[in-house]
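Participant: Residue numbers (full-length UniProt numbering), protein chains in the order written: chain A, 1 to 335; chain B, 1 to 280; chain C, 1 to 430.
All C-beta atoms, glycine included, are put in the ideal place defined by N, C-alpha and C.
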Amino acid sequence: MTTSIPPGAGADARSRTTPEPDPDPGTGTTRRGRPRLSDRARDEARLGWWLAGPAFVVMVAVTIYPILQAFYDSLFSYRLTAPDERAFNGGENYVVVLSDPVWWQAFAVTALITVVTVLVELVLGFLLALVMHRAIQRLRGVLRTAILVPYGIITVVSAFAWFYAFDISSGFVNHWFDWVPGVDPDLNWFAHQGTSLAVIMASEIWKTTPFISLLLLAGLSQVPGELEEAAEVDGATWAQRLQRVVLPNMKAAIMVAVLFRALDAFRIFDNVFIMTNGANGTTVLSLLAYRTSIGRLEIGLGSAISVLLFFCVIGICFIAIKLFKVDLASARGEG
Amino acid sequence: MRTLTTRMKVGWAVITVVVMVWALLPVVSIIATSFKLPSQLNLGTFWPKTWTTTNYEQIFVGSAKDLFLPALRNSIGISLIATFVAVVLATLAAYAIARLDFRGKRLILTTALGVSIFPVISIVTPLFNLWRSIGLYDTWLGLIIPYLSLTLPISIWTLAAFFRQIPWELEQAAQVDGATPWQAFRKAIVPLAAPGVFTTALIAFFIAWNDFVYGISLTSTSAARPVPAALAFFTGASQFEEPTGAISAAAVVVTVPVVILVLLFQRQIVSGLTQGAVKG
Amino acid sequence: MGRRTRHLAAVAAVAVALPLAACAAESGPPTLTWYINPDNGGQVEIAARCTQEADGRYRLATEVLPRDAASQREQLARRLAAKDSSIDIMSLDPPFIPELAEPGFLAPIPKDVAQKVTTDVVQGALDGATWKDELVAIPFWANTQLLWYRKSVAEAAGLDPAKEPVTWQQIMDAAKEQGKVLGVQGAKAESLTVWVNALVESAGGHVLENPEAPADELRLGLESDAGRAAAEIIGTIGREGLGGAGLPTADENATMTVFQRDSGSFMVNWPFVWSATNAAVEDGTLDASLVDDIGWALYPRVDADTESRPPYGGISLGIGAFSEHVDLALEAAQCIVTPENQAEYFATNGNPPASTKAYDDPAVRKAFPMADVIRESLEQAAPRPQTPYYNEVSTGLQETWHPPADVDPDTTPRRSTDFITAVLRGEALL
Numbered sequence: 001m002t003t004s005i006p007p008g009a010g011a012d013a014r015s016r017t018t019p020e021p022d023p024d025p026g027t028g029t030t031r032r033g034r035p036r037l038s039d040r041a042r043d044e045a046r047l048g049w050w051l052a053g054p055a056f057v058v059m060v061a062v063t064i065y066p067i068l069q070a071f072y073d074s075l076f077s078y079r080l081t082a083p084d085e086r087a088f089n090g091g092e093n094y095v096v097v098l099s100d101p102v103w104w105q106a107f108a109v110t111a112l113i114t115v116v117t118v119l120v121e122l123v124l125g126f127l128l129a130l131v132m133h134r135a136i137q138r139l140r141g142v143l144r145t146a147i148l149v150p151y152g153i154i155t156v157v158s159a160f161a162w163f164y165a166f167d168i169s170s171g172f173v174n175h176w177f178d179w180v181p182g183v184d185p186d187l188n189w190f191a192h193q194g195t196s197l198a199v200i201m202a203s204e205i206w207k208t209t210p211f212i213s214l215l216l217l218a219g220l221s222q223v224p225g226e227l228e229e230a231a232e233v234d235g236a237t238w239a240q241r242l243q244r245v246v247l248p249n250m251k252a253a254i255m256v257a258v259l260f261r262a263l264d265a266f267r268i269f270d271n272v273f274i275m276t277n278g279a280n281g282t283t284v285l286s287l288l289a290y291r292t293s294i295g296r297l298e299i300g301l302g303s304a305i306s307v308l309l310f311f312c313v314i315g316i317c318f319i320a321i322k323l324f325k326v327d328l329a330s331a332r333g334e335g
Numbered sequence: 001m002r003t004l005t006t007r008m009k010v011g012w013a014v015i016t017v018v019v020m021v022w023a024l025l026p027v028v029s030i031i032a033t034s035f036k037l038p039s040q041l042n043l044g045t046f047w048p049k050t051w052t053t054t055n056y057e058q059i060f061v062g063s064a065k066d067l068f069l070p071a072l073r074n075s076i077g078i079s080l081i082a083t084f085v086a087v088v089l090a091t092l093a094a095y096a097i098a099r100l101d102f103r104g105k106r107l108i109l110t111t112a113l114g115v116s117i118f119p120v121i122s123i124v125t126p127l128f129n130l131w132r133s134i135g136l137y138d139t140w141l142g143l144i145i146p147y148l149s150l151t152l153p154i155s156i157w158t159l160a161a162f163f164r165q166i167p168w169e170l171e172q173a174a175q176v177d178g179a180t181p182w183q184a185f186r187k188a189i190v191p192l193a194a195p196g197v198f199t200t201a202l203i204a205f206f207i208a209w210n211d212f213v214y215g216i217s218l219t220s221t222s223a224a225r226p227v228p229a230a231l232a233f234f235t236g237a238s239q240f241e242e243p244t245g246a247i248s249a250a251a252v253v254v255t256v257p258v259v260i261l262v263l264l265f266q267r268q269i270v271s272g273l274t275q276g277a278v279k280g
Numbered sequence: 001m002g003r004r005t006r007h008l009a010a011v012a013a014v015a016v017a018l019p020l021a022a023c024a025a026e027s028g029p030p031t032l033t034w035y036i037n038p039d040n041g042g043q044v045e046i047a048a049r050c051t052q053e054a055d056g057r058y059r060l061a062t063e064v065l066p067r068d069a070a071s072q073r074e075q076l077a078r079r080l081a082a083k084d085s086s087i088d089i090m091s092l093d094p095p096f097i098p099e100l101a102e103p104g105f106l107a108p109i110p111k112d113v114a115q116k117v118t119t120d121v122v123q124g125a126l127d128g129a130t131w132k133d134e135l136v137a138i139p140f141w142a143n144t145q146l147l148w149y150r151k152s153v154a155e156a157a158g159l160d161p162a163k164e165p166v167t168w169q170q171i172m173d174a175a176k177e178q179g180k181v182l183g184v185q186g187a188k189a190e191s192l193t194v195w196v197n198a199l200v201e202s203a204g205g206h207v208l209e210n211p212e213a214p215a216d217e218l219r220l221g222l223e224s225d226a227g228r229a230a231a232e233i234i235g236t237i238g239r240e241g242l243g244g245a246g247l248p249t250a251d252e253n254a255t256m257t258v259f260q261r262d263s264g265s266f267m268v269n270w271p272f273v274w275s276a277t278n279a280a281v282e283d284g285t286l287d288a289s290l291v292d293d294i295g296w297a298l299y300p301r302v303d304a305d306t307e308s309r310p311p312y313g314g315i316s317l318g319i320g321a322f323s324e325h326v327d328l329a330l331e332a333a334q335c336i337v338t339p340e341n342q343a344e345y346f347a348t349n350g351n352p353p354a355s356t357k358a359y360d361d362p363a364v365r366k367a368f369p370m371a372d373v374i375r376e377s378l379e380q381a382a383p384r385p386q387t388p389y390y391n392e393v394s395t396g397l398q399e400t401w402h403p404p405a406d407v408d409p410d411t412t413p414r415r416s417t418d419f420i421t422a423v424l425r426g427e428a429l430l
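#1: For residue 217(A), count the other beta carbons within 10 Å of its own beta carbon; 16 or more makes it buried, fewer makes it exposed. Which is it?
#2: Comparing the C-beta of residue 67(B) with each C-beta of chain C, is any distance below 8 Å?
#3: If you follow the beta strand (DSSP E) that residue 294(C) is part of, which residue opens it and which one closes it?
#4: Measuring only between beta-carbons, confirm whether residue 196(A) sits less than 8 Å from chain B.
#5: Could you list the residues in the stretch 278-303 of chain C with a C-beta less than 9 Å from some C-beta on chain B, going in chain order?
#6: Quickly, what does DSSP pair residue 143(C) with across the bridge? List them, please.
#7: Which residues in the same chain as residue 114(A) place their Cβ atom closer than 7 Å to its Cβ, once the five residues preceding and following it in sequence are excluded?
#8: Excluding five sequence neighbours on each side, which residues of the same chain lie with their C-beta closer than 7 Å to the C-beta of residue 236(B)?
#9: Alpha carbons only, please: which of 121(A), 139(A), 92(A) is nearest the one belonging to residue 9(B)?
#10: Counting C-beta neighbours from all protein chains within 10 Å, is the total for residue 315(A) 16 or more, i.e. buried, or is it exposed?
#11: Given a cut-off of 8 Å on the beta-carbon distance, is the pair residue 346(A) and residue 116(A) in contact?
#12: Do the stretch 104-112 of chain C and the stretch 395-403 of chain C make contact, defined as three or more Cβ pairs closer than 8 Å?
#13: Is DSSP giving residue 204(A) helix, strand or coil here?
#14: Counting only beta-carbon separations shorter than 8 Å, does residue 275(C) have a partner in chain B?
#15: Using the C-alpha atoms, what's the distance from residue 77(B) back to residue 84(B)?
#16: Note down, in chain order, each residue of its chain lying with its Cβ closer than 7 Å to the Cβ of residue 178(A), except the 5 sequence neighbours on either side.
#17: Three or more beta-carbon pairs under 8 Å between the stretch 142-160 of chain B and the stretch 176-186 of chain B, yes or no?
#18: Measure the alpha-carbon distance for residue 50(C) versus residue 97(C) and round it to whole angstroms.
#19: So with CB distances below 7 Å, who are the chain A contacts of residue 15(B)?
#20: Mind listing, in chain order, the continuous alpha helix (DSSP H) runs of no fewer than 4 residues lying wholly within the stretch 63-104 of chain A?
#21: Which of the three DSSP states, helix, strand or coil, is assigned to residue 267(C)?
#22: Less than 8 Å between the CB atoms is what I'm expecting for residue 32(C) and residue 321(C), so what's the real figure, rounded?
#23: At the level of alpha carbons, what is the spacing between residue 390(C) and residue 95(C)?
#24: In the DSSP assignment, find the unbroken beta strand (DSSP E) run with residue 31(C) in it and report its ends.
#25: Quick check: what's the CA-CA separation for residue 404(C) versus residue 237(A)?
#26: Within 10 Å of its beta-carbon, does residue 28(A) have 16 or more other beta-carbons around it, so buried, or fewer, so exposed?
#27: So, does the CB of residue 243(B) fall closer than 8 Å to a CB anywhere in chain A?
#28: So what does residue 157(B) bridge to, in DSSP terms?
#29: Would you say residue 64(C) reaches chain B, if we count a Cβ-Cβ gap shorter than 8 Å as a contact?
#30: Assign residue 95(B) to one of three DSSP states: helix, strand, or coil.
#31: For residue 290(A) and residue 121(B), what's the separation of their Cα atoms in angstroms?
#32: CB residue 67(B) to CB residue 137(B), shorter than 8 Å?
#33: Give me, in chain order, the residues of the same chain whose beta-carbon lies closer than 6 Å to that of residue 278(A); leave out the 5 immediate sequence neighbours on both sides.
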């Protein structure tokens, strides 16, 4: 791709990559030197957009257009199998959705799943990160490989694996764990809200903890070793070192990890769809949107749910950035 | 390296075993299920009573062959193409972000972030309507394009982070030593950038491979239906019998490439994932 | 125009036409696409046979739909709403036929064809393929649930369902006294609607009083003696644990598993259980003596003196209204549903024929000794509510009649009536 850079696009290092020999190789290191040449800045901007433009356009086209369309559709009473009855009804769809306990129930379940999975994953992920951080070289590879397996596995596959393991007729869990109080061969995990949510969350945690623990591992490696050693020399206990030295230095990493996982968990769909399809009060927002627009073909109502879901996500982001001051610059790799 | 006391050795062994069991048990359990006879699925045992390859025969040569093989082909083809396109576009974009100074850079990065948190379910219905009116419904391209919205953002961050760490001065050094610009780029920069690009490709592939919502919503025949969506189409010996065996076998088949990639490239994947999200 | 020029024109026309003709010859006869529900390969086989019989007039290709009926409908409805011309023939689950027929997604069936495909067809299948007094789909196979019972358990309870029709009360008492488990489908899925509907119909009521009305005028018939009787049965089975711990997630397959265990007693289920149980015996998973202990009879009654109305299922063939080859598709559909094809499909795939003639086929009688009971059951079977809003009604029922233990004759019929009415009026989400 580098050959596509027009010659003379700037006198800095990147023109080295063009076939044109550069008359003055020595100037390359000053690329961020804010030259007064506005020509140069313009060229650089143009080149930047030429390179980054296609990716930008694709991203915008695949998301912005559909969400605008969804917003437009959400203002109509529109059922796909009755196209002639399509009619503008203003914000009525939103009123219906927001005044319906079904929406709030799904919202509560989704929020519960998000909070619980993120908290558990944070703890588990931190433990795993510590293990990987401290592990001797030989074990590190083994551990990393093991925890990357859940990361790489298809969510649907993981949902089926967990479903079959807990299912009352085919599962082994009831037989293996019948010594646990409350677990016996007659426990029907997918018949009650609490137990079904527990399995759904367990599978979600299993699948995504590796991701969070890797982010935390990166954070751990940023903690200056000298600080920790100094604290150890000063006689700080392990817990004190963790609290005073390690965690404060990892704050940015933790916040970013939490935000990413929270947004991801809020969109949970695959596991619920496979395991309960929303039975026993396990309907989540994505499933509600799917069931309305794709199952019932109620495009208007479904689009309203989609738009609201979108605003929820924006809301979480906003809260995280404003209230918790998550440093997204570091998330963007600008840190 | 520190020498380990016996107690520490035992401790580490225990920890390793615990982590491995936790990470691998569900995978092993579905592998075990995939070798069970259809009539023995409900015995409640972990391992099959009689080991059988019936389920694999069903999906590779038997009644589910016409469902599974095209789906496997679609999954591989669509994911590879989506990965390739995403990596090419992201490489260009990340190069610009890492090395050029221009207005709009933040906009691009913020957009990437925004797109990556986008609720997929919100855009599936409008996409369905658009696709069917322009003829992209149930085609490879009709999945590749939305897959780009999943793979591009993370590819851009990961690569931008990688590219920032490349000492571009090496290129000049090589040229000073008499290499042509192309040689300099190929000898000095490509070897440094290649691992990043490769890692990004792996991560992007995992994401495309994982998709379910687009797969079930934007396809309707074996022309484009990927494996995760096809799992819902399996059937037992008759309409009402559970296709547990076939699903498990298919699940194992699509998990194998993932496990192999993880085994071969765990180090790269880890560094890619961590650099993309939090700059190391 | 001189002669010469006309000549030239003729030559030119031939020159243009020739490659076109060659092209058409190369691509062969039109290919019809038949969207089938997943089965054990029977429909693919029939498609191949009909292609052969068509002798070059058409080729019949199959494309598979998802496993559960609701997703099948989802996919077909979306594509038909987009006026998809690639759908020529569809295997349709009967309750979803009105939704596709109402907006004109199904091509009309000409009178002469209708005449032909409705002779010697069981009543349940005819009802299921009819919308607003017109035949809109071609009956292919018809399914019904029977009462399956363990002879030992029935005997101990002093019942002989094969001779004397039994009531739900009797089998519930029998299961309770002997500490056995009843096989019923309590999962929150289509099978629950099947159960509720069969109970309401057997008690002399209807889930919908006026199924052909527009959405906001539909009247539910659940707040009736029939609705309360149905709720009483389901609630009692749920509360007293007569359906076992697995009841709230029990679909047809899980129900069969329970029935095959030692705790099995009575079960309502489709005939696939017979072939599946025999297959398990052949695998050595189940003991051969189990098969000898299994009896079958008509669906249990709610009221001892009123005939039951067993569930009706199966597949009818719809012709896509936007197909480019409606005539050929009609022809192919008639080939698919010949009694011979139906009989063989039953014998190999276990799906009972809609044609009464197919039941006399020796292969059928050998594979399914209960063929006569199935035919009888189909004659008195009641379809699920035939409305374009079936999906809302069915999902609404599942939402309010699940889990079975929470079903209460005093509250459930009213609650589900209110809920479904609100959903149909667009005032509530599902």
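Facilitator: From the atom records:
#1: buried
#2: yes
#3: 294-297
#4: no
#5: 279, 280, 281, 282, 283, 284, 285, 286
#6: 313(C)
#7: 262, 265, 266
#8: 38, 242, 243
#9: When each option's Cα is compared against that of residue 9(B), the closest is 139(A).
#10: exposed
#11: No answer is possible for residue 346(A): the residues shown for chain A start at 1 and end at 335.
#12: no
#13: helix
#14: Interface annotation, residue 275(C): in contact with chain B, CB-CB separation under 8 Å.
#15: 11 Å
#16: Contacts found: 184, 185.
#17: no
#18: Approximately 24 Å, taken between the alpha carbons.
#19: The contacting residues are 131.
#20: Complete alpha helix (DSSP H) runs here, min 4: 92-98.
#21: Note: residue 267(C) maps to strand in three-state DSSP.
#22: So it is not a contact: roughly 14 Å between Cβ atoms.
#23: 7 Å
#24: 31-36
#25: 56 Å
#26: The pLDDT assigned to residue 28(A) is 40, lower than 50, so where the model puts this residue is not dependable, and the model offers no usable value.
#27: Residue 243(B) has a beta carbon lying at 8 Å or more from every beta carbon in chain A.
#28: Partner(s): none; residue 157(B) has no beta bridge.
#29: yes
#30: In the structure shown, residue 95(B) sits in a helix (DSSP, three-state: H, G or I).
#31: 7 Å
#32: no
#33: Excluding sequence neighbours, residue 278(A) sits near 287.
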